[in-house]
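Number of protein chains: 2
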Amino acid sequence: MLLTSPTTHWMCSQYQMLWVHFFAVYILTGFICLLLHHEYKYIALKRLSYFYSSDPRPHQFTILVRSIPSSSSYSISDSVESFFREFYPSTYVSHVVIRRTNKIRSLLIKAKNLYKKITQLRKHNRQKNKQGDYFRLFGQDDGLIDQYGKKLSEIEQNVRLHQSENSLATEEARAAFVFFKSRYAAATAFHMQQSVNPTQWIAEPAPEPRDVYWPFFSESFMRRWISKLVVLVATTLFTLLFLIPVVIVQGLTNLKQLEVLFPFLTSILTIKFVTQIITGYLPSLILQLSLKAVPPIMGFLTSMQGYISHSDIESSACNKVIWFTVWNVFLATVFSGSFISLLSVILDPKHIPERLAVAVPAQASFFITYVVTSGWTSVTSELFRIIPLLGSLITRPFSSPDDEFEVPSLPFHRDVPRVLFFGLLGITYFFLAPLILPFLLAYLCLAYIIYRNQFINVYAPKYETGGKLWPTVHNTMIFSLILMHMIALGIFALKKLSPASSWMLPLPVLTLLFNEYCRKRFLPIFIAYSTESLIKKDREDQNDPRMAEFYKKLVIAYKDPALLPFQYTSNTDDLFDPLLS
Amino acid sequence: MLLTSPTTHWMCSQYQMLWVHFFAVYILTGFICLLLHHEYKYIALKRLSYFYSSDPRPHQFTILVRSIPSSSSYSISDSVESFFREFYPSTYVSHVVIRRTNKIRSLLIKAKNLYKKITQLRKHNRQKNKQGDYFRLFGQDDGLIDQYGKKLSEIEQNVRLHQSENSLATEEARAAFVFFKSRYAAATAFHMQQSVNPTQWIAEPAPEPRDVYWPFFSESFMRRWISKLVVLVATTLFTLLFLIPVVIVQGLTNLKQLEVLFPFLTSILTIKFVTQIITGYLPSLILQLSLKAVPPIMGFLTSMQGYISHSDIESSACNKVIWFTVWNVFLATVFSGSFISLLSVILDPKHIPERLAVAVPAQASFFITYVVTSGWTSVTSELFRIIPLLGSLITRPFSSPDDEFEVPSLPFHRDVPRVLFFGLLGITYFFLAPLILPFLLAYLCLAYIIYRNQFINVYAPKYETGGKLWPTVHNTMIFSLILMHMIALGIFALKKLSPASSWMLPLPVLTLLFNEYCRKRFLPIFIAYSTESLIKKDREDQNDPRMAEFYKKLVIAYKDPALLPFQYTSNTDDLFDPLLS
Chain A
1 MLLTSPTTHW
11 MCSQYQMLWV
21 HFFAVYILTG
31 FICLLLHHEY
41 KYIALKRLSY
51 FYSSDPRPHQ
61 FTILVRSIPS
71 SSSYSISDSV
81 ESFFREFYPS
91 TYVSHVVIRR
101 TNKIRSLLIK
111 AKNLYKKITQ
121 LRKHNRQKNK
131 QGDYFRLFGQ
141 DDGLIDQYGK
151 KLSEIEQNVR
161 LHQSENSLAT
171 EEARAAFVFF
181 KSRYAAATAF
191 HMQQSVNPTQ
201 WIAEPAPEPR
211 DVYWPFFSES
221 FMRRWISKLV
231 VLVATTLFTL
241 LFLIPVVIVQ
251 GLTNLKQLEV
261 LFPFLTSILT
271 IKFVTQIITG
281 YLPSLILQLS
291 LKAVPPIMGF
301 LTSMQGYISH
311 SDIESSACNK
321 VIWFTVWNVF
331 LATVFSGSFI
341 SLLSVILDPK
351 HIPERLAVAV
361 PAQASFFITY
371 VVTSGWTSVT
381 SELFRIIPLL
391 GSLITRPFSS
401 PDDEFEVPSL
411 PFHRDVPRVL
421 FFGLLGITYF
431 FLAPLILPFL
441 LAYLCLAYII
451 YRNQFINVYA
461 PKYETGGKLW
471 PTVHNTMIFS
481 LILMHMIALG
491 IFALKKLSPA
501 SSWMLPLPVL
511 TLLFNEYCRK
521 RFLPIFIAYS
531 TESLIKKDRE
541 DQNDPRMAEF
551 YKKLVIAYKD
561 PALLPFQYTS
571 NTDDLFDPLL
581 S
Chain B
1 MLLTSPTTHW
11 MCSQYQMLWV
21 HFFAVYILTG
31 FICLLLHHEY
41 KYIALKRLSY
51 FYSSDPRPHQ
61 FTILVRSIPS
71 SSSYSISDSV
81 ESFFREFYPS
91 TYVSHVVIRR
101 TNKIRSLLIK
111 AKNLYKKITQ
121 LRKHNRQKNK
131 QGDYFRLFGQ
141 DDGLIDQYGK
151 KLSEIEQNVR
161 LHQSENSLAT
171 EEARAAFVFF
181 KSRYAAATAF
191 HMQQSVNPTQ
201 WIAEPAPEPR
211 DVYWPFFSES
221 FMRRWISKLV
231 VLVATTLFTL
241 LFLIPVVIVQ
251 GLTNLKQLEV
261 LFPFLTSILT
271 IKFVTQIITG
281 YLPSLILQLS
291 LKAVPPIMGF
301 LTSMQGYISH
311 SDIESSACNK
321 VIWFTVWNVF
331 LATVFSGSFI
341 SLLSVILDPK
351 HIPERLAVAV
361 PAQASFFITY
371 VVTSGWTSVT
381 SELFRIIPLL
391 GSLITRPFSS
401 PDDEFEVPSL
411 PFHRDVPRVL
421 FFGLLGITYF
431 FLAPLILPFL
441 LAYLCLAYII
451 YRNQFINVYA
461 PKYETGGKLW
471 PTVHNTMIFS
481 LILMHMIALG
491 IFALKKLSPA
501 SSWMLPLPVL
511 TLLFNEYCRK
521 RFLPIFIAYS
531 TESLIKKDRE
541 DQNDPRMAEF
551 YKKLVIAYKD
561 PALLPFQYTS
571 NTDDLFDPLL
581 S
């Protein structure tokens with residue numbers, strides 16, 4: 001009796017502690033949902049007020065039509081003209097057919113490289129002139145410059161030939177930008193199925209002119225669909241196969257395994273400092289470095305999926321990187337790595353909560369280190385932009401001072417998934433290892449200050465979507481909540497606190513219902529504008545005298561940069577001048 | 001050596017037989033997909049040509065707007081008028097606000113019952129008059145008729161009071177039918193989000209006037225959403241709990257279990273004829289009788305989900321009945337019944353193919369009997385319409401000869417799921433027990449002849465959807481194919497024919513890709529008409545002199561039957577006449 005009494009007391013108090021955890025989960029979920037709702041509403045209102053206060057923009061009056069049926073007797077341009085003249089006689093303004101400019105683009109790259117070579121040689125000559133050895137190499141370099149100059153002017157002629165109307169007529173892609181008189185007319189055109197055949201005349205809202213991704217205009221319905229499928233398969237394979245380095249990293253965190261693999265290291269591994277570095281810092285550093293390559297790869301893969309704008313590509317790549325991170329960083333670490341064990345977890349859905357409950361708390365210390373190594377370092381290196389800094393230091397000697405400096409833009413699919421993943425860590429470890437929270441708080445404060453500074457002083461936006469990326473953030477937070485509920489469910493089941501475990505079941509259902517409500521209440525605002533807002537905005541413009549000028553600009557707003565006239569030869573002529581004088 | 005050689009030879013030949021099965025699965029899938037594609041295309045073209053050849057119909061020019069925001073200063077009618085006058089000034093014609101008519105409807109039912117009673121009493125009296133006992137009961141019945149007549153006229157006054165404009169003004173529902181000048185204008189209105197708040201002014205295409213389901217006009221966004229969720233939960237629970245009678249049926253098929261439960265039956269159960277009936281016929285008969293109740297129950301549940309048309313209700317109920325049948329007839333029979341064992345199968349997705357491969361072939365004889373008992377009998381009873389025949393035989397003595405005879409319409413959600421389920425049986429058992437095929441063929445031939453006859457001579461369509469139900473058929477066939485692939489996968493894995501098993505994996509993927517292609521190519525045609533067709537059709541009408549008259553009719557096309565004037569008292573007055581003469 002004397003022995004059991006403290007045990008039961010201890011068990012009772014432990015049970016009570018578990019109930020505290022239970023209520024913490026409920027309260028946290030409610031609080032986060034409240035914040036999410038508030039934020040969704042706030043950003044939706046911001047998006048609307050941004051639209052109301054914006055000047056007329058070309059992309060609001062434009063749609064992109066793809067899969068235009070080709071016929072032998074008419075050109076694409078003619079069939080676009082006749083189709084929209086027939087069905088939108090009062091609102092159709094004009095159109096621009098998109099051309100295949102791959103050839104011109106490769107010629108332009110060649111020309112740019114030649115131009116760079118010529119400027120470098122020229123600089124070299126000048127330096128030599130200063131050093132006084134006029135005659136030894138002058139002739140050689142001069143000959144080279146002449147040769148390159150000839151090549152350049154040849155390429156330039158070639159480009160002009162390709163840019164001429166006659167040859168462009170044969171390079172019509174089956175896609176066109178179509179311009180309308182009003183925002184409402186453009187919106188009705190892309191909301192409705194145009195043709196009897198739903199795979200032809202597919203219309204979508206046009207992106208901003210500067211946002212258009214010109215290089216990859218996949219045209220036909222089938223080709224786009226197939227390329228999309230191929231890219232999705234490739235992305236999935238990449239996400240799954242990436243686990244191999246993660247496994248190696250996981251091996252490094254286990255000292256004993258390391259000693260077995262490399263017996264000669266035993267003497268070094270007994271030094272406390274070394275073991276601390278290896279177990280604490282090195283694994284996440286390696287992981288982090290290999291993860292650096294992921295966003296560009298995902299961006300590259302997504303760009304082949306047939307999207308027409310940079311914003312769509314980055315938004316889709318952002319989603320891919322989030323899933324990649326959840327799978328390869330969170331789940332792979334939690335279930336310590338092997339692909340087979342991960343798959344077996346996924347294929348046995350009944351036991352996922354219990355397995356998570358066993359595995360997730362065990363990795364708390366790893367993720368605390370991860371927040372410090374990956375989070376803190378990434379955000380501070382963001383302040384100094386170390387990689388671009390090093391890059392510019394290395395390339396500066398080889399670049400000419402006339403090179404234009406491009407203001408960089410923030411790659412969404414690199415930074416947003418990282419911040420969201422730390423949110424996921426915070427939510428899932430909130431009631432398992434609250435020690436992670438101060439580290440995360442420090443990260444988030446740092447990130448807030450630093451990104452605020454970067455947005456104001458460093459980056460310039462490449463395009464403006466009006467908050468279209470917010471639903472991604474919302475969805476990721478909802479996923480984090482559901483993951484947290486599954487872990488809680490598993491833990492209460494493991495600790496044999498079955499009432500808590502069964503009272504945990506309504507929570508994911510309620511969260512999903514909340515998400516469904518938000519999807520219905522807010523998501524449509526992020527997809528398209530309503531009749532009400534469009535017509536109000538159109539009426540405001542009706543009496544604006546500047547609209548006539550706007551329509552003139554509208555028609556020439558969408559121009560493939562490969563079709564713009566280019567200036568290298570005149571520049572090189574300038575470069576020749578001092579040589580001849 | 002002599003012993004092993006025939007064994008290996010036998011094994012080889014068995015392996016070859018399995019490969020025959022393998023190729024049969026591939027060929028059948030390809031053939032069915034080809035047929036499905038052909039049929040989808042054919043029906044899409046039929047739908048389009050039906051649209052092109054149709055006269056102007058009110059529902060083509062009308063949208064239904066729900067969740068109209070209510071304000072204290074304006075009536076719903078005023079706000080609809082001002083909203084559409086503002087945003088669709090050139091195409092808006094008029095609108096009809098929907099009224100809450102529950103009270104009137106219940107009064108009308110009372111009036112109808114009273115009217116029936118009066119006519120019956122009247123008939124009774126006449127018969128008595130003929131029999132000569134004029135004076136014994138005359139006064140009593142006459143008093144009753146008088147009493148009922150007074151009540152009826154009271155109710156009638158009450159109904160007229162409720163039907164008057166003044167009292168209807170307070171009963172405005174937050175929904176309205178809005179009429180437009182052209183089909184295209186109506187289509188743009190329901191394709192686009194109307195209001196800044198996506199949960200207000202929700203527009204959808206209007207159903208045909210005769211197709212409108214007036215009783216249940218759930219109004220607000222939240223109420224409809226909640227009722228939808230509740231109905232979905234109720235349907236799921238109903239589908240799951242229905243298994244109890246199925247378990248009993250399964251118990252009956254097992255003679256030994258029956259003898260243990262009812263020892264006194266042992267003597268009867270030894271008679272061969274009785275055992276044959278019990279094992280072969282009785283189980284599926286009981287199952288079939290209890291299944292008869294399912295379509296009406298599903299129809300009733302679906303009607304509370306907030307649909308506005310009979311066609312939507314029947315189409316949604318049809319889907320529910322299909323899932324119900326697959327779960328409760330196919331899966332429950334295959335995994336012999338218990339709810340827990342079924343759930344354990346679903347929650348262990350890795351082993352579903354193997355479990356199916358073990359269980360499905362074992363039930364082949366049950367399903368052959370099922371085709372005969374359920375299929376053949378249902379289709380032949382359809383010819384005689386036995387239940388309505390019995391019903392009319394029983395009720396005839398109590399009904400008056402003046403009762404209007406309503407031409408029946410085919411309840412889609414009763415008959416379509418049954419035919420589709422036999423399709424599923426045919427596809428899944430095609431390579432397991434081809435013996436089922438002649439029985440199915442007989443069923444399908446019978447069904448073709450009988451339903452053709454019924455459509456031409458018996459049923460009258462209650463509404464016309466233009467083939468909108470076809471995607472349901474297509475999806476069910478695709479599901480059947482995937483189920484068949486899973487069974488084949490399991491069987492080849494069980495028989496240790498691993499190359500066949502792994503070469504089976506691409507087939508479901510290809511089938512799903514085919515389905516995805518069909519969704520993109522054909523499904524949009526079944527959801528809405530394209531700009532091209534709408535505008536062409538509108539232009540045809542522009543010069544039609546009958547259009548002025550059509551617009552007049554359009555405005556009064558949507559009228560709640562509860563608000564129509566009604567005629568009972570004059571009829572009863574007629575009934576009184578001969579009594580007074």
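Sequences listed follow chains A and B, in order.
All the letters of the first sequence, read from the start, carry residue numbers 1 to 581 under full-length UniProt numbering.
All the letters of the second sequence, read from the start, carry residue numbers 1 to 581 under full-length UniProt numbering.
The beta carbon of each residue, even a glycine, is placed where N, CA and C say it ideally should be.
Computed from a predicted structure; not experimentally measured.
* Decide if the stretch 89-106 of chain B is in contact with the stretch 550-558 of chain B; the criterion is three or more beta carbon pairs, one per stretch, under 8 Å apart. => yes
* By the criterion of Cβ-Cβ separation under 7 Å, what are the contact partners of residue 196 of chain B in chain A? -> Those are 48, 530, 532, 533, listed as they occur along chain A.
* Asked: Hey, is residue 349 of chain B's beta-carbon within less than 8 Å of any beta-carbon in chain A?
  -> yes
* Asked: With a cut-off of 8 Å, does the C-beta of residue 484 of chain B fall near any C-beta of chain A?
  -> no
* Asked: Under the three-state reduction of DSSP, which class applies to residue 531 of chain A: helix, strand or coil?
  -> helix
* Specify the secondary structure class of residue 237 of chain A as computed by DSSP and reduced to three states. => Helix at residue 237 of chain A.
* Just the Cα atoms here: how many angstroms apart are residue 27 of chain B and residue 490 of chain B? -> 18 Å
* Whole-angstrom distance between residue 79 of chain B and residue 73 of chain B, CA atom to CA atom -> 10 Å
* Asked: Per the contact definition of three or more C-beta pairs closer than 8 Å, is the stretch 313-331 of chain A in contact with the stretch 311-320 of chain B?
  -> no
* Per DSSP, the bridge partner or partners of residue 97 of chain B -> B/176
* Grab me the residues of residue 19 of chain B's own chain with a C-beta within less than 7 Å of its C-beta, minus the 5 sequence neighbours each way, in chain order. => If you ignore the 5 residues before and after residue 19 of chain B, its C-beta comes within less than 7 Å of the C-beta of 500, all in its own chain and listed in chain order.
* **Short CB-CB distance (under 8 Å) between residue 547 of chain A and chain B** => no
* To do: For chain A, find out if any of its Cβ atoms is closer than 8 Å to the Cβ of residue 191 of chain B; answer yes or no.
  => Under the Cβ distance rule, residue 191 of chain B counts among the residues neighbouring chain A, one pair being separated by less than 8 Å.
* **Length of the line joining the Cα atoms of residue 31 of chain A and residue 290 of chain A** => 35 Å
* Might you give, ordered along the chain, the residues of its own chain that have their beta carbon closer than 7 Å to the beta carbon of residue 565 of chain A, omitting 5 neighbours on each side? => Result list for residue 565 of chain A: empty, nothing under 7 Å.
* Asked: Quick one: does residue 332 of chain B have its CB under 8 Å from some CB of chain A?
  -> no
* To do: Check the Cβ of residue 100 of chain B against every Cβ in chain A and list those closer than 7 Å, keeping chain order.
  => In chain order: nothing, as chain A lies at least about 25 Å away.
* Asked: Which residues mark the beginning and the end of the alpha helix (DSSP H) in which residue 274 of chain A is found?
  -> Per DSSP, residue 274 of chain A is one residue of the alpha helix (DSSP H) stretching across 272-276.
* **Interface partners of residue 525 of chain A on chain B, CB under 9 Å** => 193, 196, 197, 198
* To do: Give a yes or no on whether the minimum CB-CB distance between residue 41 of chain A and chain B is below 8 Å.
  => no
* Where does residue 66 of chain B sit, in a helix, a strand or coil, going by DSSP? -> strand
* Confirm the yes/no value for this check: CB of residue 563 of chain B, any heavy atom of the ligand ZN, distance under 7 Å. => In the structure shown, the ligand ZN is absent, as is every other ligand, since no ligand is present at all.
* To do: Name, going along the chain, the residues of the stretch 165-188 of chain B whose beta-carbon falls closer than 9 Å to a beta-carbon of chain A.
  => 184, 187, 188
* Asked: Nearest CA to the CA of residue 189 of chain B: which residue from B/562, B/87, B/239?
  -> B/87
* Asked: Can a CB atom of chain A be found closer than 8 Å to the CB of residue 521 of chain B?
  -> yes
* Identify which residue in B/23, B/422, B/342, B/433 has its Cα closest to the Cα of residue 363 of chain B. => Checking every option, the nearest Cα to that of residue 363 of chain B belongs to B/433.
* Asked: Under three-state DSSP, which class holds residue 204 of chain A?
  -> strand
* To do: Starting from the beta carbon of residue 550 of chain A, find every residue of chain B whose beta carbon is closer than 7 Å, and list them in chain order.
  => None at all; the shortest Cβ gap to chain B is about 23 Å.
* May I ask which residues mark the beginning and end of the alpha helix (DSSP H) holding residue 78 of chain B? => 76-87
* Could you give the DSSP three-state label for residue 92 of chain A: helix, strand or coil? => strand
* In angstroms, rounded to a whole number, what distance separates the CA positions of residue 348 of chain A and residue 361 of chain B? -> 26 Å
* Leaving out five residues before and five after residue 309 of chain B in sequence, what residues of the same chain have Cβ atoms less than 8 Å from its Cβ? -> 207, 208, 211, 212, 213, 463
* Asked: Does the pairing of the stretch 460-480 of chain A with the stretch 516-528 of chain A give three or more beta-carbon distances under 8 Å?
  -> yes
* Asked: Where does residue 378 of chain B sit, in a helix, a strand or coil, going by DSSP?
  -> helix
* Asked: Are there 16 or more other CB atoms within 10 angstroms of the CB of residue 445 of chain A, so buried, or fewer, so exposed?
  -> Burial state of residue 445 of chain A is exposed, judged by a 10 Å Cβ sphere holding fewer than 16 other Cβ atoms.
* To do: Could you tell me which residues DSSP pairs with residue 227 of chain A in its beta bridges?
  => For residue 227 of chain A, which the question treats as bridged, DSSP gives no partner whatsoever.
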